[in-house]
Amino acid sequence: MSTFILRRVFSALRSFPSLFFLYPYAREQKRVVRKLHNFTNSVIDSRRKMLEQEQASSKVSFEQQDEDVYTKRRITFLDLLLSVNVNGKPLSREDIREEVDTFMFEGHDTTTSGISFTIWHLAKYQDVQQRLYEEIDRILGKDKKTAELTNLKIQEFEYLDMVVKESLRLIPPVPIIGRCLLEDMEMNGVTIPAGTNISIKICNIHTNPKIWPNPEKFDPERFSKTNEDKRGPYDFIPFSAGSRNCIGQRYAMME
Numbered sequence: 047m048s049t050f051i052l053r054r055v056f057s058a059l060r061s062f063p064s065l066f067f068l069y070p071y072a073r074e075q076k077r078v079v080r081k082l083h084n085f086t087n088s089v090i091d092s093r094r095k096m097l098e099q100e101q102a103s104s105k106v107s108f109e110q111q112d113e114d115v116y117t118k119r120r121i122t123f124l125d126l127l128l129s130v131n132v133n134g135k136p137l138s139r140e141d142i143r144e145e146v147d148t149f150m151f152e153g154h155d156t157t158t159s160g161i162s163f164t165i166w167h168l169a170k171y172q173d174v175q176q177r178l179y180e181e182i183d184r185i186l187g188k189d190k191k192t193a194e195l196t197n198l199k200i201q202e203f204e205y206l207d208m209v210v211k212e213s214l215r216l217i218p219p220v221p222i223i224g225r226c227l228l229e230d231m232e233m234n235g236v237t238i239p240a241g242t243n244i245s246i247k248i249c250n251i252h253t254n255p256k257i258w259p260n261p262e263k264f265d266p267e268r269f270s271k272t273n274e275d276k277r278g279p280y281d282f283i284p285f286s287a288g289s290r291n292c293i294g295q296r297y298a299m300m301e
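Structure, rendered in structure tokens:
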């Protein structure tokens, strides 16, 4: 899919659907998309069937599970999508599939690149690497291979969190995000009308010297508690921000 996207992004003619589908590989794109959707649909159908069987046998609804501590169980995000109602109607299969596509396919390459660049920064700045090693040694002890890594343990890695965030600041896996203006916006004396599609360059925000002193320097201390409190909510946005932010950002940071 990345190949198909790049083919269209870097060609003005291919950006028009009516022209793009004249190209031979447009049929190949349809085949690949159909294959992805079939896989996602199979996951949704399997989960839906399992939930229906559970509810038929236990007669316990999602609402009852939330109220009864004896029957309460961990509910996945897909469970919530299958149970939610909008204006009295359940979400359509297509609506659910779009959300499932997002958290199944969108995160694998961005997480990989984020981890890779963090490791690269650690290799380049060995003083940071040594301090991080000491934190790991302090929290997990000498038997790191057998130590149990729980969610509570992960929260203790303050310096690791700082290192990862600084790496994401300098090299965000998603360098550009798009938005559509819902209302007119004034910028530098120019009115940008509602309905305009705009691109937001995350790299430019993350290296703005007005926000980040000496922005090209790799310095995890920027994300210490004291320094983080000084910045605004839109100064660091590797996962975007607002109501359309990345749905898997907490999971990505844990990885």
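Counting from 47, one number per residue, gives the positions in the sequence shown under my numbering.
Just so it is clear, CB atoms sit at the ideal spot from N, CA and C, and this is done for glycine as well.
In this text the structure is predicted, and so the values were computed from the model without any measurement.
Option nearest residue i by Cα separation, candidates the options
i    : options                   : result
Q176 : K199, L214 and V209       : V209
I246 : S270, E267, S286 and L97  : S286
N254 : E100, R277 and E180       : R277
Y205 : Q99, R184 and A240        : R184
L178 : D207, I161 and D155       : D207
S48  : G160, E74 and P63         : E74
R80  : R143, T122, F56 and G134  : R143
H83  : C226, E232, E140 and E301 : E140
V89  : L68, P63, I51 and D147    : D147
DSSP beta-bridge partners of residue i
i    : result
M96  : Beta-bridge pairing links M96 to no other residue.
T237 : E232
I244 : R225
S286 : P284
Check whether residue i and residue j have beta carbons under 8 Å apart
i    : j    : result
T86  : M150 : yes
F66  : A72  : yes
H167 : S213 : yes
S61  : R54  : yes
L124 : V130 : no
P244 : D281 : One point to set straight first is that residue 244 is Ile, not Pro, in the sequence displayed. No, Cβ-Cβ distance for I244 and D281 is not below 8 Å.
R259 : V174 : Before going further, note that residue 259 is Pro rather than Arg in the sequence given. Not a contact, by the Cβ cut-off of 8 Å.
K199 : F269 : no
Open item on the list: Going residue by residue through the region 182-230, where are the continuous alpha helix (DSSP H) segments of at least 4 residues, counting only ones entirely within it?
Closed with: For the region 182-230, the full-length alpha helix (DSSP H) segments reaching 4 residues or more read 197-201 and 204-216 along the chain.
- [ ] Say whether the region 217-232 touches the region 187-198, bearing in mind that this needs 3 or more beta-carbon pairs closer than 8 Å, one atom from each stretch.
- [x] Three or more Cβ pairs closer than 8 Å define a contact, and the region 217-232 falls short of that threshold against the region 187-198.
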